[in-house]
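Heads up, the thing below is written out as structure tokens.
There are 2 protein chains.
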Amino acid sequence: MEVDLDSFSGRDWETPTDAAPVRFAMVGLGWWTREQSIPAVENAEHCTTTALVSSSTEKAEDVAADLEGIEATLTYDEYADGVASDAYDAVYVCTPNGFHREHVEAAAAHGKAVLCEKPLEATVEDAQATVDACREAGVPLMVAYRLQTEPVARRARELIRDGAIGDVVSIVGHMSDTILDSVDETSWRFDRDLAGGTTLNDIGIYPLNTIRFILEEDPQAVYARTESEQPAYDGTDEHGAFQLEFPDGKLASCTISHSATVTSSLRFVGTEGELSIEGLFFPNTQKVLRVSGPDIGGEFRPEPVDQMREEFDYFANRLQRGLDPEPDGEHGMVDMRAIRALYESAESGRRVELDP
Amino acid sequence: MEVDLDSFSGRDWETPTDAAPVRFAMVGLGWWTREQSIPAVENAEHCTTTALVSSSTEKAEDVAADLEGIEATLTYDEYADGVASDAYDAVYVCTPNGFHREHVEAAAAHGKAVLCEKPLEATVEDAQATVDACREAGVPLMVAYRLQTEPVARRARELIRDGAIGDVVSIVGHMSDTILDSVDETSWRFDRDLAGGTTLNDIGIYPLNTIRFILEEDPQAVYARTESEQPAYDGTDEHGAFQLEFPDGKLASCTISHSATVTSSLRFVGTEGELSIEGLFFPNTQKVLRVSGPDIGGEFRPEPVDQMREEFDYFANRLQRGLDPEPDGEHGMVDMRAIRALYESAESGRRVELDP
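Protein chains in written order, with our numbering: chain Z, 1285 to 1640; chain G, 1285 to 1640.
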């Protein structure tokens, strides 16, 4: 095995530079930004928060009151107009999905690098426009898949790439949480137009994207079934199960729910062994990686990292080094098309093929 | 919690009687009967093997040579004609699926109780005829779902029934083995007419039936995708992924393969906790049950039981007590219809609803 499991949580992507920290404008100050992203950047090495953008100056100032180093508190309109754009180098967009496009387009217009939450937008068309705006403006766009800088996911990818379990044959995954413990039913997450969907869109994307990341392949066809039991989910999806078909007959089967105990699991079964990860999809929790194969076997419980801090530092360190961060917009578009196909499938009860 | 985890592997179904051991005719002497079923009955408390039935007298005599207490070695024709039928009380049928019906009908004609391997037959029609023959003759028919007398599956069912994890929302399962290590590609298992299908039929039935057993509910609709990579699987299924829709929005998502490492896993996620079992579907291996919920949490590694011995002893003890053994033929028919629907779905790429 080539995989270095002694430095399990090492930052294999990091190269320190003399460059100044990347200064972020946080666009959208909902609970995820306040409770996860801002604290992550406070603890980060390569970036800092210098601007806050929200629906009102008051809301931005309220959040700024608890922080050091904020140079600008802006409304969305002021941000769009480029007010105080010298105060930040890059933009983190974490608003309702259906508003991503306008905020990313504004960043592109001001020449700012963009870290945009996933999914990219509420529709494939708006997501494509978002990607196009960055490409045309020549600004880097990274989609905020925090699992791609999670050490456990990176080590799993390396182990599988090195053949630790032979050829992958089957993948099973699950993610669930109780979203109504974090937001109430008036949240945009239950508004299909603003969100683009609910559970498949919001947490189905974790197993979908992480399986793609670990396999280094994209799905060719999908199937999904969704269910809604509680009134908050009328017209959208509360629970789901979906399949992804990968090249060479590899099949992935997943379940998700926004109304179950907080848990996640992901398992890759190969011709010569298997690899499973407990707790992978949650940002600060203990992960357990178990692997068994002809040349390796064991259980790893690495010290948890702050996934958001790793993601922000990775993005910033890439900018400091003059490199484009990944996963980029085209990578995010694959998920946008897959999610659209999953909802089409749930509607029709039919398998849906994805264009290569 | 009402579940008695101190006597984890106790035989909750057992009531000793003064009745003589049930004498079995073993019909079909393939590797499973020779390597699993006959040794299980040698170690059993409530039954014994007294007759062996095979394609030739020589084959039956070869197997008999290593055993004590065999009173009759019969060809299938002799068995069908009722030769030496006083030498046995019950029949265990373990032949290619497509021959179950004729052997069970013979047993019914001779008034013998039947333990028939799963799936019941190669087609729904022949399975129904098999069930009807036993009902009309008034002989008990049990389908050989060995998981239903596996203590870990029984304790899982009790925990879930008692609400240990709240209401079940999602189920994920996997089973794989390397069948070509046990049989060669001339095996009837690769002959769709004789088997009724390959991987979905042969091992998909384990998660399918065990989820039904633990939930105490039947699927209402299904979807499946199958894949074949190796030449032995031309025209049949090597790998698969399938979904089962249970009442109240519960969704199960499973993967299976006959060409991957030997492993199995089954996980139930509920509104208040989760329960997972490693290794459940294999007959003599270490199982690990993990459960977490508001009133219980822990990992159980009970001493493995011989699943086939438990199954034979259960069946025999029920007969000794004058009771019909379960799961019965109607229970097996639900799987027959589900498997037919799974193959229809794999063919059409569409969700298939099951008649209530």
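Yeah, the Cβ is synthetic: ideal placement off N, Cα and C, and Gly gets one too. These numbers come from a predicted model, not from an experiment.
(message) I need the straight-line Cα distance from Glu1556 of chain Z to Glu1556 of chain G, nearest angstrom please.
(response) 35 Å
(request) Would you identify the three-state DSSP class for Tyr1376 of chain G, choosing helix, strand or coil? (result) strand
(message) If I follow the unbroken beta strand (DSSP E) through Asp1416 of chain Z, where does it start and stop?
(response) Per DSSP, Asp1416 of chain Z belongs to no beta strand (DSSP E); it is in the alpha helix (DSSP H), 1408-1421.
(request) Determine the DSSP secondary structure at Ala1544 of chain G, reduced to helix, strand or coil. (result) strand
(request) Reducing DSSP to helix, strand and coil, say where Arg1295 of chain Z ends up. (result) coil
(message) Suppose only complete runs of 4+ residues qualify. What are the alpha helix (DSSP H) ranges in the segment 1443-1483 of chain Z, listed by chain order?
(response) 1476-1479
(request) Answer with buried or exposed for Ser1291 of chain G, where buried requires no fewer than 16 other C-beta atoms within 10 angstroms of its C-beta. (result) exposed
(message) Output needed in chain order: residues of the segment 1551-1583 of chain Z with a Cβ under 7 Å from some Cβ in chain G.
(response) Arg1551, Val1553, Gly1554, Thr1555, Glu1556, Gly1557, Glu1558
(request) Would you mind telling me which residues of chain G sit closer than 8 Å to Ser1460 of chain Z, beta carbon to beta carbon, in chain order? (result) Val1453, Ser1454, Val1553
(message) Given a cut-off of 8 Å on the beta-carbon distance, is the pair Val1636 of chain Z and Val1506 of chain Z in contact?
(response) yes
(message) Pop quiz: Ala1411 of chain G and Glu1420 of chain G are said to be a contact at Cβ under 8 Å. What is the actual Cβ separation, rounded to whole angstroms?
(response) Not really, about 15 Å apart at Cβ, beyond 8 Å.
(message) According to DSSP, is His1394 of chain G part of a helix, a strand, or is it coil?
(response) coil
(message) Could you give the first and the last residue of the continuous beta strand (DSSP E) run that contains Ala1304 of chain G?
(response) Looking at the DSSP string, Ala1304 of chain G is not in any beta strand (DSSP E), and its letter there is neither H nor E.
(message) Using only the alpha-carbon positions, how far apart do Ala1479 of chain G and Ala1516 of chain G sit?
(response) 14 Å
(request) Report the option in G:Ser1548, G:Gln1514, G:Glu1386, G:Leu1559 whose CA atom is closest to the CA atom of Arg1441 of chain G. (result) G:Leu1559
(message) Using the Cβ count rule (16 or more neighbours within 10 Å means buried), how would you classify Gly1312 of chain G?
(response) buried
(request) Determine the direct distance from the alpha carbon of Ala1335 of chain G to that of Gly1577 of chain G, and round the result to whole angstroms. (result) 49 Å
(request) Measuring only between beta-carbons, confirm whether Ala1525 of chain G sits less than 8 Å from chain Z. (result) yes
(message) Closest to Arg1307 of chain Z by C-alpha separation, out of Z:Thr1357, Z:Val1456, Z:Tyr1360, Z:Tyr1372, would be which residue?
(response) Z:Tyr1372
(message) List, in chain order, every chain Z residue whose beta-carbon is nearer than 8 Å to that of Tyr1627 of chain G.
(response) Chain Z residues near Tyr1627 of chain G: none, gap ~14 Å exceeds 8 Å.
(request) Please list, in chain order, all residues of the same chain as Glu1583 of chain G whose beta carbon is under 6 Å from its beta carbon, the five residues on each side excluded. (result) Arg1574
(message) Could you check whether the segment 1312-1325 of chain G touches the segment 1610-1622 of chain G, counting it as contact only if at least three pairs of C-beta atoms, one from each stretch, sit closer than 8 Å?
(response) no
(request) Output the boundary residues of the alpha helix (DSSP H) element that contains Tyr1360 of chain Z. (result) 1360-1364
(request) Using a Cβ-Cβ cut-off of 8 Å, state whether Asp1639 of chain Z counts as contacting chain G. (result) no
(request) Less than 8 Å between the CB atoms is what I'm expecting for Pro1634 of chain Z and Gly1633 of chain G, so what's the real figure, rounded? (result) Pro is not the amino acid found at residue 1634 of chain Z; the sequence shown has Arg there. At roughly 6 Å, the Cβ-Cβ gap stays under 8 Å, so Arg1634 of chain Z and Gly1633 of chain G are in contact.
(message) Taking only three categories from DSSP, how would you classify Arg1635 of chain Z?
(response) coil
(request) Assign Gly1519 of chain G to one of two classes, buried (16 or more other C-beta atoms within 10 Å of its C-beta) or exposed (fewer than that). (result) exposed
(request) Within 10 angstroms of the Cβ of Ala1525 of chain G, are there 16 or more other Cβ atoms? Answer buried if so, exposed if not. (result) buried
(request) Would you mind telling me which residues of chain G sit closer than 8 Å to Phe1535 of chain Z, beta carbon to beta carbon, in chain order? (result) The residue you asked about is not Phe; residue 1535 of chain Z is Leu in the sequence shown. Correct list: Arg1509, Glu1511, His1523, Gly1524, Ala1525, Thr1539.
(message) What does the alpha-carbon distance come out to for the pair Arg1509 of chain G and Tyr1627 of chain Z?
(response) 18 Å
(request) Find out if the Cβ-Cβ distance for the pair Cys1400 of chain G, Val1377 of chain G is shorter than 8 Å. (result) yes
(request) Taking C-beta pairs closer than 7 Å, name the residues in chain G that Gly1633 of chain Z reaches, listed in chain order. (result) Arg1634, Arg1635
(message) Short of 8 Å Cβ to Cβ, which residues in the segment 1609-1622 of chain Z face chain G?
(response) none
(request) Closer than 9 Å by beta-carbon distance: list the chain Z residues that pair up with Thr1545 of chain G, in chain order. (result) Ile1449, Gly1450, Val1453, Val1553, Gly1554, Thr1555, Glu1556, Gly1557, Glu1558, Ser1576, Gly1577
(message) I'd like the span of the beta strand (DSSP E) that includes Phe1599 of chain G, first residue to last.
(response) Element bounds for Phe1599 of chain G: not the beta strand (DSSP E) but the alpha helix (DSSP H), 1591-1604.
(request) Can you tell me which of the three DSSP states Glu1352 of chain Z falls into? (result) coil
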